[in-house]
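S.K.: Could you have a look at this structure, given as structure tokens, before my questions?
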Amino acid sequence: MACSPADLPLMADMSTNSIERLAAAVGLRSGSHAAADVVRLAAYARIASQWAKRHRLEGREDEAGRFYALKNAALRKLSRTGFAQVSVLRALPRDEVLLCPAHQAIYAADAAASRGATGDPLPEGQWLLWNRGLIDDCPDCQIYPVGDYNDLYDIQVRVERLRFGFHLPLREGEGFLPPPDYLPDRQERPGRGTRPGRFRFGSAISPRDARRFPAALVAARIEALTCT
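Read left to right, the sequence shown gives residues 0 to 227 (numbering that gives the first Met the number 0).
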């Protein structure tokens with residue numbers, strides 16, 4: 000069997016049958032069972048990561064570790080396919096910043112101007128990066144250092160027009176991925192610091208998706224797809 004990636008957003012009506020339909024459609028168009036299995040494994044690896052986050056939020060560290068290990072097993076297999084591209088995501092220092100009302104209003108105006116000019120709002124993290132001196136000098140803005148994030152492996156898997164993205168701590172990927180110094184770099188985009196209940200990438204599985212994708216089913220699917 001072949002395997003698959005993980006940044007496929009969970010569609011509102013996605014079920015295990017829809018995962019199979021998507022994989023089967025890819026396999027039919029490409030004539031490749033390997034491509035179909037990549038899509039299958041990607042979808043379940045994505046959900047395993049969300050289950051790991053849910054377990055962590057609710058204090059079940061053993062189960063969180065088990066589901067992160069399932070995700071990593073999927074990544075190990077995915078990295079051996081011809082569908083994966085691996086690079087290193089270089090992290091930016093992160094602080095939690097609470098803007099004062101005056102600077103919040105300035106940011107809101109700049110974001111609105113950016114939306115008018117480009118169609119996209121200006122990310123708050125980018126604005127903070129450009130205006131850090133202004134914020135540092137403001138007695139009413141609050142800055143809470145949260146330390147530096149670690150660099151990560153960035154694994155992008157593309158199957159036809161589908162793209163799946165994974166992130167993996169360097170220490171966890173060094174056993175099966177190339178050394179970071181041998182890989183291309185890309186810079187992490189500025190963003191906000193973490194808060195309780197938030198994650199650097201991704202989110203915990205929602206109650207609705209937890210009912211559609213029971214943890215035991217997700218574990219069984221990944222184990223079956225990574226057994227060879």
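Each residue gets a CB set at the ideal place from its N, CA and C atoms; glycine is no exception.
Does residue 195 pass the burial test, meaning 16 or more other C-beta atoms within 10 Å, or should it be called exposed?
M.R.: With a pLDDT of 44 at residue 195, under the threshold of 50, the modelled position of that residue is not reliable, and the figure given next carries that caveat. Exposed: under 16 other Cβ atoms inside 10 Å.
S.K.: Does DSSP classify residue 83 as helix, strand or coil?
M.R.: Residue 83 falls in the strand class under three-state DSSP.
S.K.: What's the gap between the Cα of residue 16 and the Cα of residue 39?
M.R.: Taking the straight line joining both Cα atoms gives about 11 angstroms.
S.K.: Just tell me which of 89, 208, 161, 219 has its CA closest to the CA of residue 169.
M.R.: Comparing Cα positions, the closest option is 89.
S.K.: From the DSSP output, which residues share a beta bridge with residue 184?
M.R.: According to DSSP, residue 184 bridges with 87.
S.K.: From residue 185 to residue 86, what distance separates their C-alpha atoms?
M.R.: Whole-angstrom Cα-Cα distance: 7 angstroms.
S.K.: For residue 122, which option in 133, 109, 206, 131 has the closest C-alpha, if you only look at C-alpha atoms?
M.R.: Among 133, 109, 206, 131, the Cα nearest to that of residue 122 belongs to 109.
S.K.: Could you give the distance in angstroms between the alpha-carbon of residue 70 and the alpha-carbon of residue 19?
M.R.: Distance between the alpha carbons of residue 70 and residue 19 is about 19 angstroms.
S.K.: Any idea if residue 129 is buried or exposed, counting beta-carbon neighbours within 10 angstroms, 16 or more meaning buried?
M.R.: Counting Cβ neighbours within 10 Å, residue 129 comes out exposed, since fewer than 16 surround it.
S.K.: When you compare each of 218, 219, 101 to residue 141 by their alpha carbons, which one comes out closest?
M.R.: Taking only the C-alpha atoms, the option nearest residue 141 is 101.
S.K.: Would you grab the beta carbon distance between residue 73 and residue 221 for me? Rounded to a whole angstrom, and I think it's under 8 angstroms.
M.R.: Between residue 221 and residue 73 the Cβ distance is about 6 angstroms, and since that is below 8 angstroms, they are a contact.
S.K.: With a floor of 4 residues, list each alpha helix (DSSP H) that falls wholly inside the segment 112-141, ordered by position along the chain.
M.R.: Entirely contained in the segment 112-141, the alpha helix (DSSP H) runs reaching 4 residues are, in chain order, 123-129, 131-135.
S.K.: Classify residue 229 as helix, strand or coil using the three-state DSSP reduction.
M.R.: The first residue shown for the chain is 0 and the last is 227, placing residue 229 beyond what the model contains.
S.K.: What does the Cβ neighbour count give for residue 34, buried or exposed, with the cut at 16 atoms within 10 Å?
M.R.: It is buried - the Cβ of residue 34 has at least 16 other Cβ atoms within 10 Å.
S.K.: Smallest Cα separation from residue 151: which of 60, 139, 225, 173?
M.R.: Comparing Cα-Cα distances from residue 151 to each of 60, 139, 225, 173, the minimum goes to 173.
S.K.: Check residue 55 in the structure and name its three-state DSSP category.
M.R.: Residue state, collapsed to three classes: helix.
S.K.: In three-state DSSP terms, what is residue 162?
M.R.: Of the three classes helix, strand and coil, the one that applies to residue 162 here is strand, per DSSP.
S.K.: Span of the alpha helix (DSSP H) holding residue 98?
M.R.: Looking at the DSSP string, residue 98 is not in any alpha helix (DSSP H), and its letter there is neither H nor E.
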